[in-house]
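Sequential numbering from 1 applies to the sequence shown in full-length UniProt numbering.
Glycine included, each C-beta is placed from N, C-alpha and C at the ideal position.
Structure record follows, encoded as C-alpha cells.
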Amino acid sequence: MRRWNGWGDTAIEQPLKPEALGFLADIVGPGTAPNDAAYEAALAQVAAQASRLPPHPLIDTSPGARLAASFGQSCADWLRLRFGALGRVSDGVAFPETRETVRELLGWAQAHGVSVRPCGGASSVVGHLSPAGDKPVLTMNLTRMMRLTALDRDAQLATFEAGVLGPDLEAQLRAHGYTLGHFPQSFEYSTLGGWVVTRSSGQQSSRFGRIEQLFAGGHLETPSGPLDLPTFPASAAGPDLREWVLGSEGRFGVLTEATVRVTRLLEAEQFIGVFFPDWARAQAAVQALAQARIGLSMMRLANPIETLTTLKLAGHAAAIGWLERYLALRGAGADKCLLFAGFTGSKAQLRAMRRQAGAIIRAHGGVSTGQLLGEKWRANRFRGVYLRNSLWTAGYAVDTMETACDWPRVAPMMAAIETAGRDALATFGERTHCYTHLSHVYPQGSSVYSTFVFRVGPDFETSFARWQALKRAVSQAIVARGGTITHQHGVGQDHAPWLAAEKGAAGLAMLDAVRRQLDPHGVMTPGNLFGDRD
C-alpha cells in the first residue's frame, strides 16, 4: 500500500544505520522525531472543506480521494501532510478511462467554472498538484488510462495511453522485446504523460534520450478542442508543435496519448564505480567522456561531500574503512569523488566502450572498483528516495534543487548553490548538510543536482519558513549564475517565480498567447508555470 504522507510502499523501509545518524547529528545537529498528524485527522480537515463541485457521476468527492489528489512529493507537501497543516485541497477527483471522457469532463468544467488539474502518479517535487486560483478544483487522475494501444515494429514506435506508470509501461514493452529506457528516480510512481509534460530525464538518458527525444507524437485534449501530433522521423514544416506539449505542465490541455520511440531489448549492461582524487580531475574526466561520445548510458558524479555522505550512510564501517585505505594508497584520499558509469548495448559495444572509457578514466587519475559498487547502485536505484522517510522519522527534512549549465559554470554553480543553502538556514541559527552530484552529463555541460538535509522544526510554521528560505536562496543563486531553473523536475508552482529569468518577457508572452488560444476561459491548472501571473 502506498504511503499517504511519505514516499512509496509502506512495506519498504530503508533504515538508517546508527553511524549514519551519528554523522548527521555531528554535521546538522541532533534531530527530534516529529509528532506526525494522524490520517484520520487529515481526513477530518478535508471533510471540513465542503466540495464546491456540482454533482457529476464520474467525480469522487470523498475525503480520501481528495486528500490523495492534492499533494505530491515536494518538501512543502511533506510538511503540510506530516504536520497536518493541509491548507486548501482539491474539490473532487475524476478517473477517466477514455479520451472521450476527458473531453466530456473538460466541457463540463468550462460550463461550470471549474479548473482542472491533470494528475498521474503524484510524484511531483515542485508543487504541480497544489490547488490554486479561486475556482473549484477538479483533479483529473489519468492512471486508469494505461494501455499499450499500438506497436509499430518497423518504425519502433509504441503508442500508450498517457496515464501508464513506468513499471507497467516497461512490462508491456518487454513482453514484445522492447524497452523505452526511461528511468527517472520516480520511475515506480510516475507516468508517461507526466514525463512528457514536465520534460523528464531518466537515469540512462545518455543512451536512450531524454523524454523530448523519445516523445514522437500524441493526442492532447484542450478546452478548445483536440490537438493531434502526428509522428515523423524528422520534419522542417515550421515550429515543432510537440515542443509546445513538452513541458506544458497541464496548461494547454490534457495529454491522453503519447507515441514514443522504443528500442529493442539490449544484450548487455554493466555499471561500474570509479573514484577520482579530487573534483577538478573528476569533472575533467566526465567532460572528456561526454565529448568523446563513447556512448555510455549514464554518468553520475558525486562531489567530495556527497561521496563522503554516500559512504557514511551505507554503514558497513569495516568494509568502508578497508575501501578507503585502499583508495588512499591509490591517490584518492579525503577529497575523492565517486563516479557511477553505465554501459549498455551489445557485448561487443560494451567491450569497446569499457576500453575507451578506461583510457580516459586512467588518464585523469581514476581508480575503478569494478562492478561491485555499480551493481549495488543499480539494485537500489529506486530505493534511495525511501531514505526520506527514515530521515524524517529521525527529525530531518530533505529537499533537492537542480539546474544545468555549460561546463565553465559547473564548479562555480555547485559552490554557489551549496553556499546559498547553508546561508539560508544559518539565518535561523540552523545548519544544513549540502552535497551535490552531476546526474546527467552532456558534451556542452552538465546538470548540477544538490541535496539539502536540515532539521525539522518544532511546528509547521517554523519548518515551512526554513524550507521557503532555502528554496528562495538557492533558486536565486541558480538564475543569477545563468543556470536553468530546472533540468528535470519541471516548474510547477514552486519554481514559477524564476521562469521569467530564463524565458524573458517575450518568451512568457508567447507561452501565454498559446495558453489563451487553447484555454480561453482559464480552465487548465492555474498556478503552474506562470505562478501569480495567472
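Let me know the secondary structure DSSP gives residue i once reduced to three states.
i      : result
PRO96  : coil
ARG446 : In the sequence under discussion, the amino acid at residue 446 is Ser, which differs from the Arg named in the question. The answer is strand: DSSP assigns SER446 an E or B state.
ARG431 : coil
THR10  : coil
PHE530 : coil
MET401 : strand
GLU269 : strand
ALA411 : helix
VAL491 : coil
PRO520 : coil
ILE59  : strand
GLY177 : coil
ALA48  : helix
ASN141 : strand
GLY253 : coil
PHE382 : coil
ARG2   : strand
PRO136 : coil
Can you tell me whether residue i is buried or exposed, with buried defined as 16 or more other CB within 10 angstroms of its CB?
i           : result
THR222      : buried
GLN488      : buried
LEU265      : exposed
GLY166      : buried
GLY8        : buried
ILE12       : exposed
GLN287      : buried
ARG153      : exposed
ASN380      : exposed
residue 535 : Outside the shown range of the chain, which is 1 to 534, sits residue 535, and nothing can be said about it.
GLU402      : buried
MET510      : exposed
TRP322      : exposed
TYR189      : buried
Between the options, which lies nearest to residue i when the distance is taken from Cα to Cα?
i           : options                           : result
ARG99       : LEU220, LEU67 and PHE460          : LEU220
PRO277      : GLY331, PRO15 and TRP78           : GLY331
VAL448      : VAL479, ALA465, LEU508 and VAL46  : VAL479
ALA65       : TRP78, CYS75, SER124 and SER51    : SER51
GLY22       : LEU529, LEU391, ASN528 and TRP498 : LEU391
residue 574 : GLY365, PRO304, ALA352 and TRP279 : Since the first and last residues shown for the chain are 1 and 534, residue 574 lies out of range.
GLY358      : ASP512, ILE272 and VAL89          : ILE272
ASP168      : ALA150, ASP152, THR143 and ARG153 : THR143
THR344      : TRP7, ILE320 and GLN270           : GLN270
PRO443      : VAL514, PRO96, GLY295 and LEU241  : GLY295
ALA334      : ALA352, TRP279, MET299 and GLY315 : TRP279
SER475      : PHE340, THR419, ALA69 and HIS56   : THR419
GLY120      : THR484, VAL137, LEU255 and PRO55  : LEU255
ARG80       : PRO54, VAL46 and TYR386           : VAL46
ARG455      : ILE320, VAL89, PHE95 and ARG431   : ARG431
GLY527      : ARG251, GLU375, GLY384 and ALA284 : ARG251
LEU58       : THR427, ARG325, GLU97 and MET299  : GLU97
ILE360      : THR307, ALA284, LEU313 and ARG325 : ALA284
GLY342      : LYS336, ALA132 and GLN371         : GLN371
ARG207      : GLY225, ALA69 and MET353          : MET353
PHE187      : ARG174, GLU170 and ALA175         : GLU170
ALA404      : ALA44, THR427 and GLY482          : GLY482
Do residue i and residue j have their C-beta atoms within less than 8 Å of each other?
i           : j      : result
GLY72       : GLN493 : no
residue 535 : THR32  : Outside the shown range of the chain (1 to 534) lies residue 535, about which nothing can therefore be said.
PHE275      : VAL410 : no
ASP512      : PHE530 : yes
ALA473      : GLY421 : yes
HIS441      : ALA290 : Reading off the sequence, residue 441 comes out as Val, not His. Against a cut-off of 8 Å, the Cβ pair of ALA290 and VAL441 comes out as a contact.
THR198      : GLU249 : yes
residue 616 : VAL164 : With the chain running from 1 to 534 in the structure shown, residue 616 is simply not present.
VAL125      : THR400 : yes
LEU138      : ASP91  : yes
GLN133      : ASP534 : Strictly speaking, residue 133 in this sequence is Gly, with Gln absent from that position. Yes, the Cβ-Cβ distance between GLY133 and ASP534 is below 8 Å.
TRP407      : GLY457 : no
PHE183      : GLN156 : no
GLN213      : ALA292 : no
VAL93       : ALA122 : no
LEU53       : VAL114 : yes
THR462      : PRO118 : no
Tell me whether residue i, by its Cβ, gets closer than 7 Å to a heavy atom of the ligand NAP.
i      : result
GLU188 : This structure does not include the ligand NAP; it has no bound ligands of any sort.
Is there a Cβ from chain B that is less than 8 Å from the Cβ of residue i?
i      : result
LEU142 : In the structure shown, chain B cannot be found, because there is only a single protein chain.
(message) Counting beta carbon pairs with one atom in the stretch 29 to 47 and one in the stretch 79 to 90, are three or more of them shorter than 8 Å?
(response) yes
message: Would the stretch 254 to 265 count as touching the stretch 204 to 221 if we require 3 or more Cβ pairs under 8 Å?
response: yes
**Item:** Cβ pair count under 8 Å reaching 3, the stretch 434 to 447 against the stretch 297 to 309
**Value:** yes
**Prompt:** Taking one C-beta from the stretch 104 to 121 and one from the stretch 459 to 478 each time, how about it: are there three or more such pairs within less than 8 Å?
**Reply:** no
The stretch 449 to 461 / the stretch 398 to 418 touching (three or more Cβ pairs under 8 Å)
yes
task: Assess, as a yes-or-no matter, whether the stretch 239 to 247 is touched by the stretch 197 to 211 under the definition of 3 or more beta carbon pairs within less than 8 Å.
output: yes
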